[in-house]
Amino acid sequence: MTRLGGHVNSRDNGATPRRRRWQVALLPFATVGLVAAGLVVTQTGAQAATWPTAKSTTTVTSTQSVSGTKDYGLVRYKAGGAMGDGGQSESQKPIFELADGATIKNVIIGSPAADGIHCKGSCTLINVWWEDVGEDAATFKGGSSANYTVDGGGARSASDKVFQHNGGGKLTIKNFDVSNFGKLYRSCGNCSTQYKRTVVIQNVTVTAPGKVLAGINTNYGDTATFSGITIYGDSSRKISICDRYTGNSSGAEPVKTGSGPDGTYCKYTSSNIVYK
62 MTRLGGHVNS RDNGATPRRR RWQVALLPFA TVGLVAAGLV VTQTGAQAAT
112 WPTAKSTTTV TSTQSVSGTK DYGLVRYKAG GAMGDGGQSE SQKPIFELAD
162 GATIKNVIIG SPAADGIHCK GSCTLINVWW EDVGEDAATF KGGSSANYTV
212 DGGGARSASD KVFQHNGGGK LTIKNFDVSN FGKLYRSCGN CSTQYKRTVV
262 IQNVTVTAPG KVLAGINTNY GDTATFSGIT IYGDSSRKIS ICDRYTGNSS
312 GAEPVKTGSG PDGTYCKYTS SNIVYK
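FYI, in our numbering the residues of the sequence shown are 62 to 337.
Written out as structure tokens, the structure reads:
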């Protein structure tokens, strides 16, 4: 369920993905990499991912419950029936609902995506791709000790938020690709039960247009830490890295109080963000 928190209502055109390139360089010429048998394997710069091709498409008319580990083999799932049209209505149902401790991998969420994925507790999303984000790509609803990980995959065409953090705990987003989006991450600004929330965003490739990478509530002690962020197509630097808000539990629209690094809540330096 999406709560208020600085909604973005526009939907822009998508961006053309670029391929990742790797090179092998001899020591001592490489500056970053994995040392093995006198060689260094180096990534020549993060680039937008090549999106996978779905093996097949499955339309579901009810939420699919996931426990343990489930590998979907790059099958595309999309919503049917009354689950939702993938717009911004808060009455939509998730395509997948993950039990505490569940892992979902190698799945493509097609359009309509309804309310994407819900995690009831700690969860891991590996190589999950959202072709056209619905209400939200994923919503994290665990308690204060929950740990959530998004590793690999990508999301595009999110008119508002990609990842919605309604519960407590820590979310790590890494090795991810996002394009044409409102907010990559938002700590719920007005949920009836509020928490201190932590997000770590690392090795993420961003392709404009986009609005904000993370929105957090400083009055609840939220923190957002960034590293290895590469942004394409934003020469004017319109995409905000981190926005700070004063959240509430009353349902009112939260108040934005600032943007940019402050060393306490929004944690990054200019060296953590690369523009191309």
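Virtual Cβ for every residue (Gly too), placed ideally from N, Cα, C.
Remember, predicted model here, so these are calculated numbers, not experimental data.
Asked, Found
"Can you tell me which residues form a DSSP beta bridge with residue 178?", "157 and 199"
"Helix, strand or coil: which one does DSSP assign to residue 326?", "coil"
"Just verifying my parser: in three-state terms, what is the DSSP assignment at residue 90?", "For residue 90, the predicted model reports a pLDDT of 35, less than 50, meaning its position is unreliable and no value from the coordinates is stated."
"What's the call for residue 148, buried or exposed, on a 16-neighbour Cβ count within 10 Å?", "exposed"
"Within 10 angstroms of its Cβ, does residue 122 collect 16 or more other Cβ (buried), or is it exposed?", "exposed"
"With a 10 Å radius around its C-beta and 16 neighbouring C-beta atoms as the bar for buried, classify residue 313 as buried or exposed.", "exposed"
"Can you tell me whether residue 275 is buried or exposed, with buried defined as 16 or more other CB within 10 angstroms of its CB?", "buried"
"With distances taken from CA atoms, which of 227, 267, 163 and 234 is nearest residue 257?", "227"
"Quick one: residues in its chain with C-beta nearer than 6 Å to the C-beta of residue 323, no 5 flanking neighbours on either side, listed in chain order?", "none"
"Checking 7 Å against the spacing of the C-beta atoms, do residue 216 and residue 194 come in under that value?", "yes"
"Looking at residue 260 and residue 232, is the spacing between their C-beta atoms short of 7 Å?", "yes"
"What does a CB cutoff of less than 6 Å around residue 142 pick up in its chain, not counting 5 residues either side in sequence?", "122"
"Less than 8 Å between C-beta atoms, sequence neighbours within five positions excluded: which residues of the same chain meet that for residue 181?", "158, 159, 160, 161, 202 and 203"
"Considering Cα atoms alone, identify which of 117, 185, 320 and 307 is closest to residue 300.", "320"
"Can you tell me whether residue 90 is buried or exposed, with buried defined as 16 or more other CB within 10 angstroms of its CB?", "Residue confidence for residue 90 is low, a pLDDT of 35 falling below 50, so the modelled location carries little weight; the figure read from the coordinates is stated next. Per the 10 Å Cβ criterion, exposed."
"So residue 156 and residue 177 are supposed to be a Cβ contact under 8 Å. How far apart are they, rounded?", "6 Å"
"Once DSSP output is grouped into helix, strand and coil, what is the label at residue 256?", "coil"
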